[in-house]
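Remarks on the structure that follows.
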Amino acid sequence: MADLIQADNLVQADKVYTGGWAPPEGVVSPPLFVWPPRPRALLKWLFGLPGYFFPWNVFYVGTALLVWTFFIPEMAGMKTLEFDWIARLFAVNAVLVFVFTSAWHLRLYVQRAQDITFKYNKRWPKANSTFLFGNQHIDNIIWTMLSAVPVMTAYLAITLWAMANGLVPYVEWADHPIYLGLVMLATQVFRDVHFYCIHRLIHWPPLYRWVHSLHHKNANPGPWSGLAMHPVEHVLYFSSLLIHFVVPSNPLLVLYHLVASAFGPARDHCGFSSVVMDGKARIPAASYMHYLHHRYFEVNYGDSITPIDRWFGTWHDGSRDAHEAMKQRILKN
Ligand SMILES: [Zn+2]
Ligand SMILES: [Zn+2]
Numbered sequence: 132m133a134d135l136i137q138a139d140n141l142v143q144a145d146k147v148y149t150g151g152w153a154p155p156e157g158v159v160s161p162p163l164f165v166w167p168p169r170p171r172a173l174l175k176w177l178f179g180l181p182g183y184f185f186p187w188n189v190f191y192v193g194t195a196l197l198v199w200t201f202f203i204p205e206m207a208g209m210k211t212l213e214f215d216w217i218a219r220l221f222a223v224n225a226v227l228v229f230v231f232t233s234a235w236h237l238r239l240y241v242q243r244a245q246d247i248t249f250k251y252n253k254r255w256p257k258a259n260s261t262f263l264f265g266n267q268h269i270d271n272i273i274w275t276m277l278s279a280v281p282v283m284t285a286y287l288a289i290t291l292w293a294m295a296n297g298l299v300p301y302v303e304w305a306d307h308p309i310y311l312g313l314v315m316l317a318t319q320v321f322r323d324v325h326f327y328c329i330h331r332l333i334h335w336p337p338l339y340r341w342v343h344s345l346h347h348k349n350a351n352p353g354p355w356s357g358l359a360m361h362p363v364e365h366v367l368y369f370s371s372l373l374i375h376f377v378v379p380s381n382p383l384l385v386l387y388h389l390v391a392s393a394f395g396p397a398r399d400h401c402g403f404s405s406v407v408m409d410g411k412a413r414i415p416a417a418s419y420m421h422y423l424h425h426r427y428f429e430v431n432y433g434d435s436i437t438p439i440d441r442w443f444g445t446w447h448d449g450s451r452d453a454h455e456a457m458k459q460r461i462l463k464n
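Here our numbering is used: the first residue of the sequence shown is 132, the next is one more, and so on.
Pasting the structure below:
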């Protein structure tokens with residue numbers, strides 16, 4: 132299997148500069164883990180548009196607040212694992228994932244509102260017998276709704292139940308607002324490192340064949356491909372929520388973490404680097420980094436927020452140098 136993946140890499144390697152949109156700047160890392168520090172650049176990255184907060188993290192926080200206010204029961208009501216409130220969490224998660232992911236799909240793939248402008252792969256997904264019912268879209272929806280949503284709901288329910296019972300200590304916003312703000316900031320850094328680790332694990336050939344190949348069938352991914360994973364991958368992917376059992380946080384941050392984990396993949400797999408609104412405004416969409424992972428497999432296991440792929444020699448920023456380095460690494464292995 133490893134040989135097959137490598138052969139595929141090499142075949143695809145020759146196509147690196149053809150196809151659709153490639154951002155001229157390649158994959159850019161934020162000025163977060165740099166030495167010497169660049170405070171001005173860091174502030175611009177944190178508060179700029181697009182930046183760390185705007186638009187996506189603010190949107191995830193807003194969604195978490197909305198759900199927290201209107202749909203999550205009182206903590207006291209979650210002290211026992213009962214069907215009613217867990218079913219309600221399941222329904223909320225199902226609606227959130229379905230609406231958010233469908234919005235991307237409808238605009239970019241049904242309306243084709245911007246045709247292939249900023250699309251990384253200039254082709255549209257085609258019927259393919261490797262997918263359930265020979266249809267990538269249907270296959271992706273089935274794995275997302277029937278596996279991702281139950282698994283994420285299980286993690287959410289167990290974490291909130293443990294917090295409600297004091298099994299997991301948490302702190303209140305009124306007592307420790309700065310600390311919780313820092314935990315929120317660190318959440319995305321942690322998610323990046325966690326994803327890198329589980330992602331490398333499931334690229335181990337036996338696990339790749341059994342588990343992760345299901346996700347990689349999406350060589351030309353769309354929004355629904357993001358959470359189209361094998362159930363084992365869902366269990367690993369959403370296990371990042373277990374950090375709240377170790378680091379004291381707050382139920383609202385658990386929800387924010389879950390929303391970011393559920394929404395992030397739809398955006399990151401939508402296949403377009405930007406969504407064009409009204410012909411001019413651009414909303415940042417899929418990262419070039421993860422697109423390159425779907426194209427070349429053995430690079431970019433993480434996100435660009437930490438330099439972890441650089442540290443472990445698996446970084447590909449879209450440049451010719453990075454591409455040559457990847458080819459040499461594949462040949463050496
Ligand atoms: Zn992916
Ligand atoms: Zn992968």
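We put the beta carbon where it would ideally sit given N, CA and C, even for glycine.
Looking at Ile247: is its Cβ nearer than 7 angstroms to the Cβ of Gly151?
Pairing Ile247 with Gly151 gives a Cβ-Cβ distance under 7 angstroms.
How would you call Ile269, buried or exposed, if buried means at least 16 neighbouring beta carbons within 10 angstroms?
With fewer than 16 other Cβ atoms within 10 Å, it is exposed.
Ile374 CB to nearest chain B CB: under 7 angstroms?
No chain B appears in the structure shown, which is made up of a single protein chain.
Counting pairs of beta carbons, one from the region 269–279 and one from the region 205–220, are three or more of them closer than 8 angstroms?
Of all C-beta pairs linking the region 269–279 to the region 205–220, fewer than three are shorter than 8 angstroms, placing the two stretches out of contact.
Taking 6 angstroms as the limit, tell me which residues put their C-beta closer than that to any heavy atom of ligand 2, in chain order.
Put simply, the residues with a CB less than 6 angstroms from any heavy atom of ligand 2 are His330, His334, His343, His347 and His424, in chain order.
My guess is that Val302 and Pro379 are in contact by the Cβ rule of under 8 angstroms, so how many angstroms apart are they, rounded?
Their Cβ separation, rounded to whole angstroms, is 5 angstroms, which keeps Val302 and Pro379 in contact under 8 angstroms.
Can you find the residues in the same chain that come closer than 6 angstroms, C-beta to C-beta, to Trp446, ignoring five residues on each side of it along the sequence?
Closer than 6 angstroms at Cβ, skipping near neighbours: Asp440.
Taking the beta strand (DSSP E) that Met408 falls in, what are its first and last residues?
Met408 -> beta strand (DSSP E) spans Ser405 to Met408.
Taking just the CA atoms, how far does Phe202 sit from Cys328?
When rounded, the distance between both Cα atoms is 33 angstroms.
Is it buried or exposed for Val282, if we count other Cβ within 10 angstroms and need 16 for buried?
Around the CB of Val282, 16 or more other CB atoms lie within 10 Å, so the residue is classed as buried.
Which residues does DSSP pair with Pro415 in a beta bridge?
According to DSSP, Pro415 bridges with Ser405.
Check this for me: beta carbons of Tyr183 and Leu177, under 7 angstroms apart or not?
Their beta carbons are under 7 angstroms apart, which means Tyr183 touches Leu177 by this criterion.
Collapsed DSSP secondary structure at Lys250 in the structure displayed
Lys250: strand per DSSP, three-state reduction.
In the DSSP assignment, what residue or residues form a beta bridge with Cys301?
Note on identity: in this sequence residue 301 is Tyr, with Cys being the wrong assignment. According to DSSP, which records beta bridges pairwise, Tyr301 is partnered with Ser380.
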